[in-house]
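The block underneath contains the structure these notes are about, expressed in structure tokens.
Residue numbers (this note's numbering): 48 to 191.
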């Protein structure tokens, strides 16, 4: 029998106990964000209902977290964007997470789902599931 996977989604205040449990996981993702995000910024966006928090549990134990946000572009395109994903046992929950992302995109009237792939393994994994690389971001720190 397989392990029970549940994905809870919230857009509200995060109690301290939950935050203490998920913050180390989110820090893994913010460490790869090239200074674009911090734990405090993410928490504030969740509490302001700008970002949805997805908590992935396996057998009632928090194993991973992800965030998603609606991006509406000047062109009218509405995309559900997943900027942060971090955790362990991806092989057990990742397909379920992508299904949940797509289901929520429809509910939120989005025509696409998008995300960052900070690690090459994610690009390979997503590519096998119909995702395409849309952009490549390059940068240079000034003064180096």
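Think of the CB as a built atom: it goes at the ideal place given N, C-alpha and C, for glycine as much as any other residue. From a predicted model like this one, the values you see are computed outputs, not experimental measurements.
May I ask which residues mark the beginning and end of the beta strand (DSSP E) holding residue i?
i, result
"residue 108", "108 to 119"
"residue 127", "125 to 134"
"residue 100", "99 to 105"
Using the rule of at least 16 other Cβ atoms within 10 Å of the residue's Cβ for burial, across every protein chain shown, is residue i buried or exposed?
i, result
"residue 152", "buried"
"residue 98", "buried"
"residue 148", "buried"
"residue 77", "buried"
"residue 93", "buried"
"residue 184", "exposed"
"residue 181", "exposed"
"residue 127", "buried"
"residue 179", "exposed"
"residue 191", "exposed"
What distance in whole Å lies between the Cβ atoms of residue j and residue i, which are believed to be in contact at a cut-off of 8 Å?
i, j, result
"residue 162", "residue 130", "7 Å"
"residue 144", "residue 112", "No, residue 144 and residue 112 are not in contact; Cβ-Cβ is about 10 Å, not under 8 Å."
"residue 75", "residue 141", "Actually they do not touch by this definition, with Cβ atoms about 15 Å apart."
"residue 138", "residue 50", "Rounded, the Cβ-Cβ distance is 11 Å, inconsistent with contact."
Would you mind reading off the limits of the alpha helix (DSSP H) that contains residue i?
i, result
"residue 86", "86 to 94"
Between the beta-carbon of residue i and the beta-carbon of residue j, is there less than 8 Å?
i, j, result
"residue 101", "residue 114", "yes"
"residue 125", "residue 156", "yes"
"residue 103", "residue 52", "yes"
"residue 68", "residue 109", "yes"
Is the beta carbon of residue i within less than 7 Å of some heavy atom of the ligand ADP?
i, result
"residue 78", "Summarising the ligand content, the structure contains no ligands, and the ligand ADP is consequently not present."
Practice task
Entirely within the region 133 to 186 and at least 4 residues each: give me those alpha helix (DSSP H) ranges in chain order.
Solution key: 137 to 154 and 167 to 174, all fully within the region 133 to 186.
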